[in-house]
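Numbering (the numbering used here), first residue to last: 67 to 403. Structure first, commentary second.
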Ligand code: NAD
Ligand code: WQD
């Protein structure tokens with residue numbers, strides 16, 4: 067199959083690209099490298115021992131998209147490209163709507179012009195907002211609480227309308243929970259450009275000595291130990307879910323939203339302990355105030371992914387922490403080493 071990956075050089079894109087190549091698919095990465103490094107692609111090529119096409123372009127640029135679609139003639143698109151920092155989205159909402167929403171509209175237009183009718187989209191559990199009940203199933207009300215989350219919500223609606231207007235089209239909206247971990251080779255992984263916002267990259271940079279200590283945002287939540295509980299999912303499980311979703315999109319029409327998580331939660335302190343075990347060293351921490359906008363618990367209902375994609379997570383939090391540590395300790399400064 068010929069698959070075009072927007073944002074294919076990024077954290078989740080690079081892991082998915084590797085699995086696509088390992089399964090004999092042809093790939094084109096369309097990325098503007100605003101939050102990634104060409105080095106990630108060089109390493110994927112080495113690991114897969116296979117080549118693929120790269121287009122340095124912006125999804126908001128219709129001419130670059132047209133050129134990529136004309137040359138590569140993809141049968142399906144996996145759409146990762148976009149901005150993803152919740153805090154930054156509060157400060158720069160127009161930038162987020164421009165890149166994420168307008169970028170997706172430009173991409174859907176190019177797909178239609180070139181007869182490419184299948185898309186798998188990187189949505190997020192953040193579309194659910196405050197939980198009315200747990201675990202979140204795909205019918206849970208959608209009330210995102212920040213501009214980033216709203217871009218994902220609006221894009222989901224736009225893709226639904228696009229699919230309705232085009233009988234040949236099919237779309238899978240994957241709502242990721244908390245992706246963490248790295249490829250077991252330690253050659254590719256998450257490489258935040260600034261101080262990490264997310265828990266596991268932060269712990270990992272404390273463990274490797276780049277940051278002094280972890281701030282645990284609140285220990286007075288209604289959870290087992292008072293710290294926030296999340297559904298962490300290994301990036302290689304997530305990559306496998308994309309392959310299953312692309313295949314599913316070939317045998318269906320219409321639009322499906324599907325949660326991608328494990329259905330099991332871990333608290334902040336449980337993640338710290340798992341990481342300390344993986345890295346065999348202590349992770350200094352202090353308890354601080356809650357972070358604005360955080361919920362106590364987030365957990366995925368996983369039945370729909372199993373039923374439609376025949377996908378379920380294989381890895382647990384020990385695997386996630388071990389692979390993160392292998393990547394971080396082999397590449398203390400990420401791809402700039
Ligand atoms: P990432 O930043 O590592 O990857 C995104 C890639 O898109 C980068 O390579 C970046 O250079 C590229 N890009 C950004 N804007 C672009 C544009 N306008 N044109 C072309 N390329 C562009 O992020 P990631 O963690 O791999 O996330 C991938 C997708 O998954 C994003 O859409 C994100 O919102 C979504 N998501 C991520 C998480 C998470 O925790 N990592 C959770 C839920 C959803
Ligand atoms: C996890 C837990 C924090 C950092 C975010 C986005 C979401 C999705 C995934 C893209 C929480 C605690 C964190 C730290 C801490 N991304 N924490 N100290 O907030 O569940 O989800 O990433 O779609 O949209 O909102 O993930 O990793 O930031 O936090 O104590 O330095 O760790 O309070 O309980 P979150 P996270």
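Cβ coordinates follow ideal geometry from the N, Cα and C atoms, glycine included.
From what residue to what residue does the alpha helix (DSSP H) around residue i run?
i: residue 229; result: 213-231
i: residue 329; result: Counting along the chain, residue 329 falls outside any alpha helix (DSSP H), and DSSP gives it neither H nor E.
i: residue 277; result: First-last for residue 277: undefined, no H or E at that position.
Need the endpoints of the beta strand (DSSP E) that residue i sits in, please.
i: residue 92; result: 92-97
i: residue 122; result: 119-122
i: residue 108; result: From DSSP, residue 108 is part of no beta strand (DSSP E) but of the alpha helix (DSSP H) over 104-114.
i: residue 144; result: 142-145
i: residue 351; result: 351-354
i: residue 69; result: 68-72
Let me know the secondary structure DSSP gives residue i once reduced to three states.
i: residue 367; result: coil
i: residue 381; result: coil
i: residue 249; result: coil
i: residue 256; result: coil
i: residue 240; result: strand
i: residue 200; result: coil
i: residue 320; result: strand
i: residue 261; result: coil
i: residue 134; result: helix
i: residue 86; result: helix
Would you say residue i touches the ligand SAH, meaning its beta carbon is less than 7 Å from a heavy atom?
i: residue 281; result: As for the ligand SAH, it is missing from this structure, which binds only the ligand NAD and the ligand WQD.
Inter-stretch contact at 8 Å, needing at least 3 Cβ pairs: the stretch 137-144 / the stretch 297-304: no
Three or more C-beta pairs under 8 Å: does that hold for the stretch 338-347 against the stretch 171-181? no
When the Cβ atoms of the stretch 348-357 are set against those of the stretch 306-313, are three or more pairs found closer than 8 Å? no
Specify whether the stretch 313-323 and the stretch 267-278 touch according to this definition: at least 3 beta carbon pairs, one from each stretch, less than 8 Å apart. no
Length-filtered (4 minimum) alpha helix (DSSP H) runs lying within the stretch 151-195: Runs found: 152-157, 159-162, 169-179.
Jot down the residue ranges of each uninterrupted alpha helix (DSSP H) in the stretch 285-312, minimum 4 residues, whole runs only, in chain order. none
Pairing CB atoms from the stretch 105-117 with CB atoms from the stretch 147-156, are three or more of them under 8 Å? no
Tell me whether the stretch 73-91 and the stretch 112-123 touch, counting them as touching only if at least three CB pairs, one residue from each stretch, are closer than 8 Å. Enough Cβ pairs lie closer than 8 Å, so yes.
Counting beta carbon pairs with one atom in the stretch 129-139 and one in the stretch 172-187, are three or more of them shorter than 8 Å? yes
Touching by the beta-carbon criterion (3+ pairs, under 8 Å), the stretch 362-374 and the stretch 210-229: Counting Cβ pairs under 8 Å, fewer than three are found: no touch.
Please confirm if the stretch 255-269 is in contact with the stretch 380-400, defined as three or more CB-CB distances below 8 Å between the two stretches. Yes, the stretch 255-269 touches the stretch 380-400.
Report yes or no: do the stretch 200-212 and the stretch 373-386 share at least 3 C-beta pairs separated by less than 8 Å? no
Counting pairs of beta carbons, one from the stretch 278-296 and one from the stretch 351-364, are three or more of them closer than 8 Å? Short answer: they touch.
Segment contact flag, the stretch 356-370 with the stretch 67-79, C-beta cutoff 8 Å, min 3 pairs: no
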